[in-house]
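First the structure, in the form of structure tokens, and then the observations on it.
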Amino acid sequence: MKKFTLLTFIACFSIFSGTGLLGQVAQAKKQMSLGIQNGFSISLPDTEDKFIEKQWKKFTKDYGKTKENKKADEIFIEGAVIKTINGENAMDIYTAIENNSIAVFFDNKNGFINSTDNPKEAKSAEEFIQEFAYEVQREKTRIELDNEKDQLKKYEKNLEKLKRDLDGYNKDIEVAKDKIKKAEMNIVQNGKDQEKAQIDINTQMKTVEMVQKKLSEIGKSK
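The numbering of the sequence shown is the numbering used here, which starts it at -8 and goes up by one.
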């Protein structure tokens, strides 16, 4: 029981630890295409940058078209309206993704959102980025779930195959039993046939002897 519990714990730990622990959204001034500006960043452990970028584009698709600034290694959205952050007012959003983390800069046309000048908007921006991080984790977990379901299907198919094999083996046994039964009956019959054959041989030997004697007596005087 203890061994089972330990193995179960290890298996569960492996599953949940594989998702990695999310960091918290942090505000800091960082270098970006428009100089050193205030941004919001979060670490996404065990997550490839390409995956983060794909999910970010998906997460922000309703706010505008994502464009690339290859020179600055950034992606950006012009005129994005995110009501939860800046109401009906449009913003330009700049995003840098590297080393399993994402940094997002919100330009509200009066400057980049930060806690000092825009406490309410900054808090909403943090919540926005945090929700994105959760969505990344959800998507990773959905993919993991699909993979585990696929693996489960493979195990189930293997079990069905084993069951079919077992049915085949049982049928083979029944066929073999019938063959054995028939062989046993044939053995009994063969014994009887051998006895009859031996009688036929003995009888025929006597007949041969009689004919042989008859042959030897031809032409001899009595």
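All residues carry an ideal CB built from backbone N, CA and C; glycine is no exception.
Are the CB atoms of residue i and residue j nearer to each other than 8 Å?
| i | j | result |
| --- | --- | --- |
| residue 55 | residue 68 | yes |
| residue 124 | residue 25 | no |
| residue 22 | residue 103 | no |
| residue 31 | residue 134 | no |
| residue 73 | residue 44 | no |
| residue 18 | residue 130 | no |
| residue 16 | residue 117 | yes |
Who are residue i's beta bridge partners in DSSP?
| i | result |
| --- | --- |
| residue 32 | 17 and 94 |
| residue 66 | 59 and 86 |
| residue 22 | 27 |
| residue 103 | 98 |
Can you round the beta-carbon distance between residue i and residue j to whole angstroms, since I take them to be within the 8 Å contact cut?
| i | j | result |
| --- | --- | --- |
| residue 76 | residue 97 | 7 Å |
| residue 57 | residue 91 | Actually they are not in contact, since the Cβ atoms of residue 57 and residue 91 sit about 20 Å apart, beyond 8 Å. |
| residue 88 | residue 40 | 5 Å |
| residue 84 | residue 33 | About 15 Å; that fails the 8 Å criterion. |
| residue 50 | residue 126 | 6 Å |
For residue i, collect the residues of the same chain with a Cβ closer than 6 Å to its Cβ; drop the 5 residues on either side in sequence, then sort them by chain order.
| i | result |
| --- | --- |
| residue 202 | none |
| residue 161 | none |
Can you tell me whether DSSP reads residue i as helix, strand or coil?
| i | result |
| --- | --- |
| residue -8 | At residue -8, the pLDDT of 42 sits below 50, so the modelled position is not reliable and the matter cannot be decided from this model. |
| residue 71 | strand |
| residue 209 | coil |
| residue 158 | helix |
| residue 116 | helix |
| residue 182 | helix |
| residue 108 | coil |
| residue 163 | helix |
| residue 81 | coil |
| residue 151 | helix |
| residue 132 | helix |
| residue 194 | helix |
| residue 39 | coil |
Kindly list the residues whose CB is nearer than 7 Å to the CB of residue i, restricted to its own chain and excluding five residues on each side of it in sequence; keep chain order.
| i | result |
| --- | --- |
| residue 209 | none |
| residue 81 | 70, 71 and 72 |
For residue i, which residues from the same chain have a beta carbon less than 8 Å from its beta carbon, with the 5 sequence-adjacent residues on both sides left out?
| i | result |
| --- | --- |
| residue 182 | none |
If we define contact as Cβ-Cβ less than 8 Å, is residue i a contact residue for chain D?
| i | result |
| --- | --- |
| residue 115 | Note that chain D does not occur in the displayed structure, where there is just one protein chain. |
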